[in-house]
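Numbering (full-length UniProt numbering), first residue to last: 1 to 123. Quick reminder that beta carbons are idealized off the backbone N, C-alpha and C, glycines included. No experiment lies behind these values; they were computed from the predicted model shown. Below is one structure; the comments refer to it alone.
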């Protein structure tokens with residue numbers, strides 16, 4: 001299934017903040033986690049993630065520093081701030097409202113479709 005750019009863009013901030021709410025991480029690990037959490041349906045690129053991380057950093061939602069784990073290579077690690085946690089809570093409220101509204105619309109549409117469906121389409 002192809003997920004449109006608009007939907008990917010709209011969901012990017014709450015996804016990244018939600019991942020970072022679980023603990024600090026670096027870019028490649030975030031990309032991998034998004035792919036795994038979505039069952040491969042969201043395949044983000046560096047071109048989507050890094051500008052988003054830089055914007056979240058400018059807004060004060062995340063902070064970052066360079067670290068070199070033992071035996072590893074130097075990476076920029078990101079972590080959510082208190083301001084970022086507040087933004088994540090607001091994003092969750094907004095997405096819950098959107099999802100509830102979509103469920104209502106789809107439920108109503110399904111009821112209407114089943115009522116008006118011709119006999120040969122029923123069952």
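Under a Cβ-count criterion, where at least 16 other Cβ atoms within 10 Å of its own Cβ denotes burial, should residue i be classed as buried or exposed?
i: residue 28; result: exposed
i: residue 44; result: buried
i: residue 80; result: buried
i: residue 61; result: buried
i: residue 104; result: exposed
i: residue 122; result: With a pLDDT of 48 at residue 122, under the threshold of 50, the modelled position of that residue is not reliable, and the figure given next carries that caveat. Classification for residue 122: exposed.
i: residue 56; result: buried
Please confirm whether residue i and residue j have their CB atoms less than 9 Å apart.
i: residue 49; j: residue 21; result: no
i: residue 16; j: residue 59; result: no
i: residue 7; j: residue 19; result: no
Please go through the same chain and pick out, in chain order, the residues whose beta-carbon is closer than 6 Å to the beta-carbon of residue i, but skip the five residues on each side of it.
i: residue 42; result: 34
Can you confirm whether the segment 29-38 touches the segment 81-88 when touching is taken to mean that 3 or more C-beta pairs between the two stretches lie within less than 8 Å? Too few Cβ pairs lie closer than 8 Å, so no.
Within the segment 51-90, ranges of the beta strand (DSSP E) (whole runs, at least 3 residues): DSSP runs (the beta strand (DSSP E)) wholly in the segment 51-90: 62-67, 75-80.
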